[in-house]
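The block underneath contains the structure these notes are about, expressed in structure tokens.
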Amino acid sequence: MPQQSEALTPLAKAYRFLIVDDSLFARKNLARLVEGIGGVVIGEAANGREAFERYFELRPDMVLMDVSMPEMGGLEALGMIREKDASAKVVIVSSLGYEDIVKKAIALGAAHYIPKPFKTRSAADIIKFVLEKESPQK
């Protein structure tokens, strides 16, 4: 969770985010992180099915998605989103830090992985890296 005293470098522009987690608390923590670096949360979802639907309704610049959720997990949703939009930027955010989960997520097209609980600065750096590595805004 972002700390008030921690100065974070803002994103190059106000990127749009979809936050996906079955925990309202986790979604709010991620929203604070995103807003703390100048991003805009344009939508939230509580499971993979909702994430898939919301992604194609909202077309966010990035999805921050948990793995373990009811109805449809994050890995299944990641695969479905990337199958229809190969340019989708999805970062997995999960406490399930097992190497096989991370490998599977990357194989399905995840852009990166943020372990929970996340450290504000490292999570912000990962988000910025993924968003700005291919299209830096000067």
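Take the sequence shown: its position 58, counted from the start at 1, is 57 in numbering that gives the first Met the number 0, and no numbers get skipped. Ideal placement from N, C-alpha and C gives every residue a C-beta, glycine not left out.
Straight-line CA distance for E34 to V40? 7 Å
Taking the Cβ atom as the reference point for each residue, do L29 and D21 lie within a distance shorter than 8 Å? no
If I'm right that I46 touches M64 with Cβ under 8 Å, what's the distance once you round it to whole angstroms? The residue you asked about is not Ile; residue 46 is Asn in the sequence shown. With a Cβ gap of about 10 Å, N46 and M64 do not count as contacting.
Would you mind listing the alpha helix (DSSP H) stretches within the segment 85–119 that are 4+ residues and don't spill past its ends, in chain order? 98–106
For a test of the three-state rule: what should DSSP assign to G78, helix, strand or coil? helix
Would a C-beta distance cut-off of 8 Å place R31 and I18 closer than the cut-off? no
Count the CB pairs spanning the segment 115–125 and the segment 50–57 that are closer than 8 Å, and state whether there are at least three. no
Complete beta strand (DSSP E) runs within the segment 39–71 (minimum length 3 residues, chain order): 39–44, 61–64
Sheet register partners of R26 (DSSP bridge): In DSSP, R26 forms no bridge with anything.
Skipping 5 residues on each side, what residues in its chain have a beta carbon closer than 8 Å to that of E131? L10, A11
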